[in-house]
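Asker: Quick note on numbering: UniProt numbering labels position 310 of the sequence shown as 310, and the sequence is numbered without any gaps.
Note that beta-carbon positions come from the ideal geometry of N, C-alpha and C, so glycine has one too.
These numbers come from a predicted model, not from an experiment.
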Amino acid sequence: MEEILAALQAILDEANGRELTDEEVARFEELEGKLTAVQRSEDMRARLKSYQEPIRNDVGVHVGTAKSDDTLERAFNHYLRTGVENQDLAELRAQSVGTDSAGGFTVPETFRNKITERLLAFGGLAPEVETITTSSGETLRWPTLDDTANSGVIATENTAPASGGADLVFGEVTLGAHKYVAPGAGNLPLRVSVELLQDSAFDIQGLISRKLGERIARAQAVDWVTGTGTGEPEGIIQSTGASQTFAGAAPTKDELIDALHTVDPDYRSGAVWVFNDTTLSLIRKMEDTTGRPLWQSQADAGLQDAPGGVLLGHRVVIDQAFADYTDASSNTWGVFGHVREGYIIRRVRDVTLIVNPYSRANEGQVEYTVWARADGAVQNVNAYSLLVNDAV
Numbered sequence: 001m002e003e004i005l006a007a008l009q010a011i012l013d014e015a016n017g018r019e020l021t022d023e024e025v026a027r028f029e030e031l032e033g034k035l036t037a038v039q040r041s042e043d044m045r046a047r048l049k050s051y052q053e054p055i056r057n058d059v060g061v062h063v064g065t066a067k068s069d070d071t072l073e074r075a076f077n078h079y080l081r082t083g084v085e086n087q088d089l090a091e092l093r094a095q096s097v098g099t100d101s102a103g104g105f106t107v108p109e110t111f112r113n114k115i116t117e118r119l120l121a122f123g124g125l126a127p128e129v130e131t132i133t134t135s136s137g138e139t140l141r142w143p144t145l146d147d148t149a150n151s152g153v154i155a156t157e158n159t160a161p162a163s164g165g166a167d168l169v170f171g172e173v174t175l176g177a178h179k180y181v182a183p184g185a186g187n188l189p190l191r192v193s194v195e196l197l198q199d200s201a202f203d204i205q206g207l208i209s210r211k212l213g214e215r216i217a218r219a220q221a222v223d224w225v226t227g228t229g230t231g232e233p234e235g236i237i238q239s240t241g242a243s244q245t246f247a248g249a250a251p252t253k254d255e256l257i258d259a260l261h262t263v264d265p266d267y268r269s270g271a272v273w274v275f276n277d278t279t280l281s282l283i284r285k286m287e288d289t290t291g292r293p294l295w296q297s298q299a300d301a302g303l304q305d306a307p308g309g310v311l312l313g314h315r316v317v318i319d320q321a322f323a324d325y326t327d328a329s330s331n332t333w334g335v336f337g338h339v340r341e342g343y344i345i346r347r348v349r350d351v352t353l354i355v356n357p358y359s360r361a362n363e364g365q366v367e368y369t370v371w372a373r374a375d376g377a378v379q380n381v382n383a384y385s386l387l388v389n390d391a392v
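Quick look at the structure:
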């Protein structure tokens, strides 16, 4: 390749700025064609290398850490289509540290990001709350703080303030790492036909990341709202803080205003309403004394980030994991407040993938399963209020 490049440069040097002759142009194009052929050959050798020296085991899975070069991307695609780990992935596994070798293959960063996108796309609540990502799943003690009761004082010159100050008092919540697995109907893995996998134009990464990510996201979305905190995340409705009770067959304007004022003004800046679409259908029918709807669409409110609309000046977030507003029940059907201050989600960075080409080989199918670890907890009960039906 170096010789061809040198010959091309020599033609241009000899011309010394003048127009090339027909003979020089023909010679240049001939060399350029040879250069293209050499580059193509080298690319083919690199691709072949990524498919060589396959290493098999009973379930076709291994552990590795993320790497982002093109060779690994091709190797990972090959692994998804065949369940066979080639030499590049074997080297990746050998470099991994501190990862359970029985846990599957730790997916590359690009694939993990696709999974994460799907996790955020479900539920509505998850993108609104505080989220942290850790590199491992050890128990995490997360500090909490509500300092709204404290304020500064005026101090006389050369005199220390006698009263009015207070030390910061930190609380703590414990965040674990519950393992979410993505089974389908009957707790079965995602199954893809071999014929489809053999189609090189088929976006295998896109399908697997989308479908398995959606399965995990649906389970997590419920837990972020209603989880008990025992063997699963603590849901946002487990708060022991303020609440507003609604007594009728549908919410009233006065009850909604009262709910808004159960939250300290310090937390109302950035506060949102969160409830499901059925409840929104009730609220959209409500009007003020002049006949104007209490709820405004995103366009009417003049906002760009409020697809759920606006209610009493605050964005509405739709999350289907909340219970319906139901008269004569004790449902917690929504929350209002600064949920980013009030709730936290902890995700573990690594996502583990299992590819099993053997169990369904007779049916011409490859099975896929993903594991992802996460937890959630209430971190500030004063930052939001629960919206509750009256059981009477």
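(1) DSSP state of S193, grouped into three classes?
(2) Where does P265 sit, in a helix, a strand or coil, going by DSSP?
(3) Is the number of C-beta pairs between the segment 295 to 312 and the segment 242 to 261 that are closer than 8 Å three or more?
(4) What do you get for A391, buried or exposed, if any count of 16 or more other CB atoms within 10 angstroms of its CB means buried?
(5) Residues in the same chain with beta-carbon distance under 7 Å from A94, minus the five sequence neighbours each way, listed in chain order, please.
(6) Run through DSSP, which three-state label would D327 get?
(7) Taking contact to mean at least 3 C-beta pairs separated by less than 8 Å, is the segment 2 to 18 in contact with the segment 31 to 41?
(8) Which residues bound the beta strand (DSSP E) around S136?
(9) For H178, write down the residues that DSSP places opposite it in a beta bridge.
(10) Decide if Q220 is buried, meaning its Cβ has at least 16 other Cβ atoms within 10 Å, or exposed.
(11) Go to L353, then tell me how far its beta strand (DSSP E) extends in each direction, as first and last residue.
(12) Quick check: what's the CA-CA separation for D327 versus V378?
(13) Please check the pair G308 and I318, which I expect to be a contact at CB under 8 Å, by giving their CB distance rounded to whole angstroms.
(14) If we ignore side chains and look at the alpha-carbon of each, how far apart do V366 and L197 end up?
(15) Does the beta-carbon distance from G171 to L386 come in below 9 Å?
(16) State whether the segment 289 to 300 contacts the segment 343 to 354, with contact taken as three or more CB pairs (one from each stretch) at a distance under 8 Å.
(17) CA-CA distance, V25 and N362?
(18) For the segment 242 to 249 against the segment 338 to 347, do three or more pairs of beta-carbon atoms, one drawn from each stretch, fall closer than 8 Å, so that the two count as touching?
(19) Out of L80, T226, G376 and Y384, which one is the CA nearest neighbour of A271?
(20) Report the start-end ranges of each beta strand (DSSP E) in the segment 222 to 301 that is 3 residues or longer and not cut off at the edges.
(21) Using CA coordinates, which residue listed in R74, V274, T226 and D266 is at the minimum distance from F336?
(22) Using the three-state DSSP reduction, which class does P143 fall into: helix, strand or coil?
(23) For T133, does the count of other Cβ atoms within 10 angstroms reach 16, so buried, or fall short, so exposed?
(24) Locate the alpha helix (DSSP H) running through L12, then write down its first and last residues.
(25) Name the two residues that bound the continuous beta strand (DSSP E) containing L387.
(26) Take D350 as the anchor and find which of I115, T82 and G17 has the nearest alpha-carbon.
(27) DSSP on F336, reduced to helix/strand/coil?
(28) Could you say which of H178, P143, R215 and V38 lies nearest to E117 if we only look at CA atoms?
(29) Which residues share a DSSP beta bridge with Q198?
(30) Within 10 angstroms of its Cβ, does residue 405 collect 16 or more other Cβ (buried), or is it exposed?
(31) For H261, is the classification buried or exposed, using 16 other Cβ atoms within 10 angstroms of its Cβ as the cut-off for buried?
(32) For R18, count the other beta carbons within 10 Å of its own beta carbon; 16 or more makes it buried, fewer makes it exposed. Which is it?
(33) With distance defined between alpha-carbon atoms, name the residue in V381, T36 and F122 nearest to N276.
(34) From Q9 to R27, what distance separates their C-alpha atoms?
(35) Verify whether the separation of the beta carbon atoms of T369 and L212 is less than 9 Å.
Answerer: The relevant details are as follows:
(1) For the purposes of this step, residue 193 is taken as the residue at position 193 of the sequence shown. For S193, the secondary structure class from DSSP, reduced to helix, strand or coil, is strand.
(2) To locate residue 265, count along the sequence shown from 1; it is residue 265. Reduced to three states, the DSSP call for P265 is helix.
(3) By the C-beta criterion, the segment 295 to 312 is judged to be in contact with the segment 242 to 261, since at least 3 inter-stretch pairs fall below 8 Å.
(4) Within the sequence shown, numbered from 1, the residue matching residue 391 stands at position 391. A391 is exposed by the Cβ-count criterion.
(5) For this step, residue 94 is matched to residue 94 along the sequence shown. Model confidence at A94 stands at a pLDDT of 47, short of 50, so the residue's coordinates are unreliable and nothing is read from them.
(6) The residue given as residue 327 occupies position 327 in the sequence shown. It is coil, neither helix nor strand.
(7) Short answer: they touch.
(8) Along the sequence shown, read from residue 1 onward, the residue named residue 136 stands at position 136. Premise fails: S136 is in no beta strand (DSSP E) and is neither H nor E.
(9) The residue labelled residue 178 in the question sits at position 178 within the sequence shown. In the DSSP assignment, the residues bridged to H178 are A374.
(10) In the sequence shown, the residue the question calls residue 220 occupies position 220. Around the Cβ of Q220, a 10 Å sphere holds 16 or more other Cβ atoms; the residue is buried.
(11) Within the sequence shown, numbered from 1, the residue matching residue 353 stands at position 353. Y343 to N356 is the extent of the beta strand (DSSP E) around L353.
(12) Counting from one through the sequence shown, the residue named residue 327 turns up at place 327. Counting from one through the sequence shown, the residue named residue 378 turns up at place 378. Cα-Cα distance, rounded: 27 Å.
(13) Here residue 308 corresponds to residue number 308 of the sequence shown, with the count starting at 1. Here residue 318 corresponds to residue number 318 of the sequence shown, with the count starting at 1. Indeed they touch by this definition, with Cβ atoms about 5 Å apart.
(14) Taking the first residue of the sequence shown as 1, we reach residue 366 at position 366. Taking the first residue of the sequence shown as 1, we reach residue 197 at position 197. Roughly 9 Å between the two C-alpha positions.
(15) By one-based count along the sequence shown, residue 171 stands at place 171. By one-based count along the sequence shown, residue 386 stands at place 386. No, the pair does not count as a contact, with Cβ atoms beyond the cut-off.
(16) The answer is no - the segment 343 to 354 does not touch the segment 289 to 300, with fewer than three Cβ pairs under 8 Å.
(17) Residue numbering aside, residue 25 sits at position 25 when the sequence shown is read from its first letter. Residue numbering aside, residue 362 sits at position 362 when the sequence shown is read from its first letter. Going from the Cα of V25 to the Cα of N362 covers about 59 Å.
(18) With a cut-off of 8 Å, the segment 338 to 347 and the segment 242 to 249 do not count as touching, because too few Cβ pairs lie within range.
(19) For the purposes of this step, residue 271 is taken as the residue at position 271 of the sequence shown. The residue from L80, T226, G376 and Y384 with its alpha-carbon nearest to that of A271 is Y384.
(20) If we require 3 residues or more, the beta strand (DSSP E) runs fully inside the segment 222 to 301 come out as 243 to 246 and 272 to 275.
(21) For the purposes of this step, residue 336 is taken as the residue at position 336 of the sequence shown. For F336, the closest C-alpha among the options R74, V274, T226 and D266 is that of V274.
(22) Against the sequence shown, residue 143 aligns to sequence position 143. Three-state result, P143: strand.
(23) Counting from 1 along the sequence shown, the entry for residue 133 is found at position 133. With fewer than 16 Cβ atoms within 10 Å of its Cβ, T133 is classed as exposed.
(24) Here residue 12 corresponds to residue number 12 of the sequence shown, with the count starting at 1. Unbroken alpha helix (DSSP H) run through L12: E2 to A15.
(25) On the sequence shown, position 387 is the one that residue 387 refers to. Note, L387: beta strand (DSSP E), Y384 to N389.
(26) Here residue 350 refers to the residue found at position 350 when the sequence shown is read from its first residue. Minimum Cα distance to D350 is reached at I115.
(27) For the purposes of this step, residue 336 is taken as residue 336 along the sequence shown, with counting starting at 1. Reduced to three states, the DSSP call for F336 is strand.
(28) Along the sequence shown, one-based indexing puts residue 117 at 117. Minimum Cα distance to E117 is reached at R215.
(29) Stepping through the sequence shown from its first residue, residue 198 is reached at position 198. DSSP lists no partner for Q198.
(30) Here the chain comprises residues numbered 1 to 392, so residue 405 is not present and cannot be evaluated.
(31) To locate residue 261, count along the sequence shown from 1; it is residue 261. Exposed, because fewer than 16 other Cβ atoms sit within 10 Å of the Cβ of H261.
(32) Taking the first residue of the sequence shown as position 1, residue 18 is located at position 18. By the 10 Å Cβ count, R18 comes out exposed.
(33) Here the question's residue 276 lines up with position 276 in the sequence shown. Of the candidates V381, T36 and F122, the residue whose Cα lies closest to the Cα of N276 is F122.
(34) The residue you call residue 9 lines up with position 9 of the sequence shown. The residue you call residue 27 lines up with position 27 of the sequence shown. For Q9 and R27, the distance between alpha carbons rounds to 12 Å.
(35) The count along the sequence shown starts at 1 and reaches residue 369 at position 369. The count along the sequence shown starts at 1 and reaches residue 212 at position 212. Cβ distance < 9 Å, so T369 and L212 count as in contact.
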